[in-house]
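Contents: one structure, followed by commentary.
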Ligand code: FAD
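Residue numbers (my numbering): 26 to 654.
Have a look at this one:
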């Protein structure tokens, strides 16, 4: 069968915030750009983002600035972050939010007409620019509108709206194509009719989002099968920090059909409190040593903070997500959970009903429609849900380039920025900052090429054979393999891990890999979800292997990686990063250690010695003292 073919300068895989911002940048720099997305244009995780985008604009508290944001981000990531990324992010996020506004985004306002900013876990000041609890929707709407505006310019100038930027929606990429070690294009299929498609392009930006569908309980939707992570690995790039998965503390727990769906952190940011079955605000019992001086120790102080932040410490419900998720997990395990296995999140006794429906309209409807719970009158039941992966493609902080020439990555599929734990709101700003940088990086790379690479026809033939294989055999049902993988990851490489269980998971993944090689999809190529899942399995298994292998090696607990058998954070491990690559024979994944570069002097000086000594080795502390002295 004939394969459809298109030629571009830059192919962006993914149409969430990172992909759209990258594509806009590449097009603005004169590059012919394709945006390819697996789902409908406009349907990406970004659209589901509720709370907001973190940017130190200082609109609500003028003491906020990039340095405070940088410090919060590093603390949230437990100092494992790629500090250059955290620096760029903190410095550039305000400009990216103002740019969105200039492109038409309508953020909520303060009384004096500035973009309003709300509180979120781990952020010292109110920092999240938001639109009620539908911020992602406004972000995607604005970025799409910007794409259309650019297309209208092209229509005027070239008589063809799609001359420089074109969207290929419901089109899944299954392989990156190379020419002698450098990127030359991408291979995929149309979901609707199964027709195959090749993009010839010297630069590819991966912006495919997360991996949540490897877990049973997740806030992620069907697209998030770790495709970009796997595509990068298979093309020879490396993945970093894959052991760190964020379990958001508050997902719905009931009814079973909606288990995992996100309950935004804004509920707590706007005053909601967590209680156990005894009615106790248990978060006061879980303030870790490193955060002791920053969080209120009594309910009275915590409550005063909402109106007087200068003289009170923050409520412990607003600790970083990893801390809150672990606390909920412990309460449930100790038998103090709610009837359906979560804990209570109550905003009904904290805000007037009208205020709840104004500030949290989506949450109100979500609970009313899905669980028949009126959150203005009663508490929600919530529990941890697999939400976000901190690990991803190892990229150059400034350009987003991976270590395969021509390959770039931005957004959730990239790794490093958030260290071991992401602060809420730091993803939407990350997408804008690093989406723009990756688009610019790809454009500059194309400009620097002496000759365009050429896709090897042999690799197209191989990608074609791989894509069609499940249709050509009558093997096991892919849904069975998927369900077993989800259970394995949830139970054995979940929120609390131990060596025996992770080892068991790795053995299970090996067996599932074998089974996945034999799965078959009945039916034709015409919209066939079983076939699509059979192809996605390769990606989920590769990513799960990375997560489990790295989780087994990291013998400490930090951020989104908690080891029951190594419950403390170790200063020695802070300087050690785990990097996954495809094994030379392609059969699995290898993990190597890499030393974390010491933080630049001017950045480390932003921290107090007393704080640093909780995280860094004596040797590093001596170097800091020498610097300060
Ligand atoms: P996504 O927005 O996830 O987009 C990925 C794109 O890649 C999609 O277009 C998809 O179709 C495409 N794709 C994937 N695989 C392929 C393939 N093989 N071929 C072609 N296309 C492919 N973060 C915040 O900062 N603030 C919040 O308030 C917030 N709330 C959230 C609420 C929910 C319910 C969820 C799930 C996440 C939330 N997050 C929030 C996290 C944040 O939304 C995501 O991390 C972020 O949107 C990811 O953006 P992205 O551009 O990297 O990818």
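Glycine is no exception: its CB is placed at the ideal position from the N, C-alpha and C atoms.
Give the single residue among the options whose Cα lies nearest to the Cα of residue i.
{"i": "residue 317", "options": "348, 162 and 596", "result": "348"}
{"i": "residue 86", "options": "603, 332 and 441", "result": "332"}
{"i": "residue 465", "options": "480, 452, 433 and 446", "result": "433"}
{"i": "residue 287", "options": "138, 277, 294 and 296", "result": "277"}
{"i": "residue 613", "options": "315, 372, 135 and 573", "result": "573"}
{"i": "residue 154", "options": "177, 123, 483 and 70", "result": "123"}
{"i": "residue 363", "options": "406, 119 and 105", "result": "406"}
{"i": "residue 263", "options": "606, 624 and 638", "result": "606"}
{"i": "residue 597", "options": "579, 590 and 589", "result": "579"}
{"i": "residue 27", "options": "160, 410 and 214", "result": "214"}
{"i": "residue 309", "options": "650, 324 and 319", "result": "324"}
{"i": "residue 280", "options": "397, 247, 338 and 188", "result": "397"}
{"i": "residue 378", "options": "531, 403 and 356", "result": "403"}
{"i": "residue 460", "options": "532, 219, 118 and 322", "result": "118"}
{"i": "residue 92", "options": "78, 102 and 116", "result": "116"}
{"i": "residue 208", "options": "517, 562, 477 and 635", "result": "477"}
{"i": "residue 653", "options": "639, 640 and 627", "result": "627"}
{"i": "residue 413", "options": "420, 437 and 394", "result": "437"}
{"i": "residue 34", "options": "556, 469 and 452", "result": "469"}
Using only the heavy atoms of the ligand FAD, determine whether one of them is closer than 7 Å to the beta carbon of residue i.
{"i": "residue 62", "result": "yes"}
{"i": "residue 304", "result": "no"}
{"i": "residue 438", "result": "yes"}
{"i": "residue 484", "result": "no"}
{"i": "residue 411", "result": "no"}
{"i": "residue 196", "result": "yes"}
{"i": "residue 141", "result": "no"}
{"i": "residue 373", "result": "no"}
{"i": "residue 553", "result": "no"}
{"i": "residue 39", "result": "yes"}
{"i": "residue 76", "result": "yes"}
{"i": "residue 111", "result": "no"}
{"i": "residue 244", "result": "yes"}
{"i": "residue 452", "result": "yes"}
{"i": "residue 594", "result": "no"}
Go ahead and label residue i buried or exposed: buried means 16 or more other beta carbons lie within 10 angstroms of its beta carbon, across all protein chains shown.
{"i": "residue 32", "result": "exposed"}
{"i": "residue 543", "result": "exposed"}
{"i": "residue 130", "result": "buried"}
{"i": "residue 244", "result": "buried"}
{"i": "residue 134", "result": "exposed"}
{"i": "residue 184", "result": "exposed"}
{"i": "residue 620", "result": "exposed"}
{"i": "residue 255", "result": "buried"}
{"i": "residue 182", "result": "exposed"}
{"i": "residue 390", "result": "exposed"}
{"i": "residue 282", "result": "exposed"}
{"i": "residue 538", "result": "buried"}
{"i": "residue 609", "result": "exposed"}
{"i": "residue 551", "result": "exposed"}
{"i": "residue 173", "result": "exposed"}
{"i": "residue 559", "result": "buried"}
{"i": "residue 528", "result": "exposed"}
{"i": "residue 426", "result": "buried"}
{"i": "residue 121", "result": "buried"}
Keeping to the same chain, check which residues put their C-beta closer than 7 Å to that of residue i; ignore five residues upstream and five downstream.
{"i": "residue 241", "result": "511, 512 and 515"}
{"i": "residue 409", "result": "272, 273, 274, 276, 350, 353, 354 and 520"}
{"i": "residue 569", "result": "239, 510, 514 and 534"}
{"i": "residue 581", "result": "588, 591, 593, 594, 595 and 598"}
{"i": "residue 540", "result": "501 and 506"}
{"i": "residue 194", "result": "62, 65 and 66"}
Got a sec? Which residues, its chain only, sit under 6 Å from residue i by beta carbon, not counting five neighbours each side?
{"i": "residue 252", "result": "233 and 564"}
{"i": "residue 110", "result": "422, 441 and 442"}
{"i": "residue 401", "result": "373, 378 and 381"}
Which partner residues does residue i have in the DSSP bridge list?
{"i": "residue 61", "result": "38 and 193"}
{"i": "residue 277", "result": "407"}
{"i": "residue 369", "result": "300 and 406"}
{"i": "residue 134", "result": "140"}
{"i": "residue 346", "result": "BP columns for residue 346 are empty, so no partner."}
{"i": "residue 440", "result": "419"}
{"i": "residue 272", "result": "411"}
{"i": "residue 212", "result": "200 and 223"}
{"i": "residue 31", "result": "224"}
For residue i, I'd like the list of residues in its chain whose CB is within less than 8 Å of its CB, leaving aside the five on either flank, ordered along the chain.
{"i": "residue 196", "result": "61, 62, 63, 213, 214, 215, 216 and 222"}
{"i": "residue 326", "result": "337 and 338"}
Does the beta carbon of residue i fall short of 7 Å from some heavy atom of the ligand NAD?
{"i": "residue 70", "result": "Absence of the ligand NAD from the depicted structure is noted, with the ligand FAD being the only ligands included."}
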